[in-house]
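Enquirer: Those sequence lines, one after another, are chains A and B. Using my numbering, the letters of the first sequence map in sequence onto residues 17 to 132. Using my numbering, the letters of the second sequence map in sequence onto residues 547 to 658. I have a structure I would like to understand better, so I am pasting it below and will then ask my questions one at a time.
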Amino acid sequence: EPEVTQTPSHQVTQMGQEVILRCVPISNHLYFYWYRQILGQKVEFLVSFYNNEISEKSEIFDDQFSVERPDGSNFTLKIRSTKLEDSAMYFCASSGVSGRGTDTQYFGPGTRLTVL
Amino acid sequence: QKEVEQNSGPLSVPEGAIASLNCTYSDRVSQSFFWYRQYSGKSPELIMSIYSNGDKEDGRFTAQLNKASQYVSLLIRDSQPSDSATYLCAVIPNFGNEKLTFGTGTRLTIIP
Chain A
17 EPEVTQTPSH QVTQMGQEVI LRCVPISNHL YFYWYRQILG QKVEFLVSFY NNEISEKSEI
77 FDDQFSVERP DGSNFTLKIR STKLEDSAMY FCASSGVSGR GTDTQYFGPG TRLTVL
Chain B
547 QKEVEQNSGP LSVPEGAIAS LNCTYSDRVS QSFFWYRQYS GKSPELIMSI YSNGDKEDGR
607 FTAQLNKASQ YVSLLIRDSQ PSDSATYLCA VIPNFGNEKL TFGTGTRLTI IP
């Protein structure tokens, strides 16, 4: 069964460093998302991406964040200068073409980001 | 602020009993509703989706939606220890591909 994959599973970085989290969405999906979950808190939306551009972003997704689809398969989240409060689990998700019953978002296993 | 509310639990249910999980949402125009299961340290896994008022059954799981009351629930019949997890209610406004708004989740423990 197709699935969303993410690398790395765990990333440790120093405050102020740049990190890139990588995702491979399900191959025939067109909509891509990043969510994050701070330990003990709810899953929060960061950004959605369609047709090579951001379709929606949350207040969390400030100028330190960027997303890119560098090729036909990868979808990346870059944090330019990490802060302690960026420590969280980051989930990539993807969904199919628009329409009822196809908006189900499937989540990858996540990348645990630890900022020291 | 569009909110999704869930009782955080923990909810303890004996093995073999019915577990009942509830969720309310504030955005009246919401159209798509999802229940995800999340084991500790893992990603959300889709259990059920529901779009119309009434019940939708899938195996041991039944989702119930009442748009007038802005209420969605999940029943788990014949609860098993492997059902012990956090159950996340999530909502999107339309049928399209938009952001999910999650509740905080209800932690369910099935007691053998």
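Don't be surprised by glycine CBs; every beta carbon is placed ideally from N, CA and C.
Runs of 3 residues minimum, wholly inside the segment 39-107 of chain A: which ones carry the beta strand (DSSP E) assignment?
Expert: Listed in chain order, they are 47-53, 60-66, 69-73, 81-84, 91-95.
Enquirer: How many whole angstroms separate the CB atoms of residue 124 (chain A) and residue 595 (chain B), which I take to be in contact at a CB cut-off of 8 angstroms?
Expert: Taking the first sequence and counting its residues from 1, the one referred to as residue 124 (chain A) is at position 108. Taking the second sequence and counting its residues from 1, the one referred to as residue 595 (chain B) is at position 49. Incorrect: roughly 19 angstroms between the Cβ atoms, too far for contact.
Enquirer: In the DSSP assignment, the beta strand (DSSP E) including residue 602 (chain B) goes from what residue to what residue?
Expert: What you label residue 602 (chain B) is simply residue 56 of the second sequence in a count that begins at 1. That run of the beta strand (DSSP E) goes 600-604.
Enquirer: Which residue marks the beginning of the beta strand (DSSP E) containing residue 585 (chain B), and which one marks its end?
Expert: For this step, residue 585 (chain B) is matched to residue 39 along the second sequence. Counting along the chain, residue 585 (chain B) falls outside any beta strand (DSSP E), and DSSP gives it neither H nor E.
Enquirer: With a Cβ-Cβ cutoff of 8 angstroms, do residue 111 (chain A) and residue 119 (chain A) count as a contact?
Expert: Counting from 1 along the first sequence, the entry for residue 111 (chain A) is found at position 95. Counting from 1 along the first sequence, the entry for residue 119 (chain A) is found at position 103. Cβ atoms of residue 111 (chain A) and residue 119 (chain A): closer than 8 angstroms.
Enquirer: Show which residues of chain A have a CB atom less than 8 angstroms away from the CB atom of residue 590 (chain B).
Expert: Translated into positions along the second sequence, residue 590 (chain B) becomes position 44. Correct list: 59, 107, 123.
Enquirer: Closest by CA to residue 43 (chain A), which one among A:61, A:17, A:83?
Expert: The residue you call residue 43 (chain A) lines up with position 27 of the first sequence. If we check each option's Cα against that of residue 43 (chain A), A:17 comes out closest.
Enquirer: Suppose you measure from the CA of residue 550 (chain B) to the CA of residue 53 (chain A); what does that come to, to the nearest Å?
Expert: Within the second sequence, numbered from 1, the residue matching residue 550 (chain B) stands at position 4. Within the first sequence, numbered from 1, the residue matching residue 53 (chain A) stands at position 37. Those two C-alpha atoms are separated by around 16 angstroms.
Enquirer: Going straight from the alpha carbon of residue 612 (chain B) to that of residue 28 (chain A), what length do you get?
Expert: For the purposes of this step, residue 612 (chain B) is taken as the residue at position 66 of the second sequence. For the purposes of this step, residue 28 (chain A) is taken as the residue at position 12 of the first sequence. About 44 angstroms.
Enquirer: Can you pull the chain A residues whose beta carbon is under 7 angstroms from the beta carbon of residue 646 (chain B), in chain order?
Expert: For the purposes of this step, residue 646 (chain B) is identified with residue 100 of the second sequence, where counting begins at 1. Ordered by position in chain A, the residues that pass the 7 angstroms Cβ test against residue 646 (chain B) are 61, 121.
Enquirer: What in chain A is Cβ-close to residue 655 (chain B), meaning under 8 angstroms?
Expert: Here residue 655 (chain B) refers to the residue found at position 109 when the second sequence is read from its first residue. Per Cβ cutoff of 8 angstroms: no residues; residue 655 (chain B) is ~17 angstroms from chain A at best.
Enquirer: If distances are taken between C-alpha atoms only, which option among B:657, B:656, B:636, B:655 comes closest to residue 649 (chain B)?
Expert: Locating residue 649 (chain B) in the second sequence gives position 103, where the first residue counts as 1. The residue with the shortest Cα to Cα distance from residue 649 (chain B) is B:636.
Enquirer: In whole angstroms, what separates the C-alpha of residue 655 (chain B) from that of residue 638 (chain B)?
Expert: In the second sequence, counting from the first residue as 1, residue 655 (chain B) sits at position 109. In the second sequence, counting from the first residue as 1, residue 638 (chain B) sits at position 92. About 27 angstroms.
Enquirer: For residue 34 (chain A), which of A:127, A:102, A:95 has the nearest alpha-carbon?
Expert: In the first sequence, counting from the first residue as 1, residue 34 (chain A) sits at position 18. Out of A:127, A:102, A:95, A:95 has the C-alpha closest to the C-alpha of residue 34 (chain A).
Enquirer: At the 8 angstroms Cβ level, is residue 555 (chain B) part of the contact set with chain A, yes or no?
Expert: One-based indexing of the second sequence puts residue 555 (chain B) at position 9. No - not a single Cβ of chain A is within 8 angstroms of the one on residue 555 (chain B).
Enquirer: Considering only C-alpha positions, which residue in the set B:570, B:586, B:581 is nearest to residue 121 (chain A)?
Expert: Sequence index remark: in the first sequence, residue 121 (chain A) carries index 105 (1-based). Answer by Cα proximity: B:581.
Enquirer: Can you confirm whether residue 126 (chain A), when its beta carbon is compared against all beta carbons of chain B, has any partner nearer than 8 angstroms?
Expert: Locating residue 126 (chain A) in the first sequence gives position 110, counting from the first residue. Closer than 8 angstroms: yes.
Enquirer: When you compare the CB positions of residue 620 (chain B) and residue 557 (chain B), do they come within less than 8 angstroms of one another, or not?
Expert: By 1-based counting over the second sequence, the position of residue 620 (chain B) is 74. By 1-based counting over the second sequence, the position of residue 557 (chain B) is 11. The answer is no: Cβ separation not under 8 angstroms.
Enquirer: Within 10 angstroms of the Cβ of residue 614 (chain B), are there 16 or more other Cβ atoms? Answer buried if so, exposed if not.
Expert: Taking the second sequence and counting its residues from 1, one reaches residue 614 (chain B) at position 68. Classification for residue 614 (chain B): exposed.
Enquirer: Restricting to Cα atoms, I'd like to know which of B:634, B:629, B:633 is closest to residue 563 (chain B).
Expert: As a working mapping, residue 563 (chain B) is identified with position 17 in the second sequence. Out of B:634, B:629, B:633, B:629 has the C-alpha closest to the C-alpha of residue 563 (chain B).
Enquirer: Whose C-beta lies closer than 6 angstroms to the C-beta of residue 616 (chain B) among residues of the same chain, with five residues either side of it excluded?
Expert: Sequence index remark: in the second sequence, residue 616 (chain B) carries index 70 (1-based). So the list reads 570, 571, once near-sequence residues are dropped.
Enquirer: State yes or no: is the beta carbon of residue 562 (chain B) nearer than 8 angstroms to at least one beta carbon in chain A?
Expert: Along the second sequence, one-based indexing puts residue 562 (chain B) at 16. Chain A contact via Cβ: absent.
Enquirer: According to the neighbour-count rule (16 or more other Cβ atoms, all chains shown, within 10 Å of its Cβ), is residue 634 (chain B) buried or exposed?
Expert: For the purposes of this step, residue 634 (chain B) is taken as residue 88 along the second sequence, with counting starting at 1. Under this definition residue 634 (chain B) is a buried residue.
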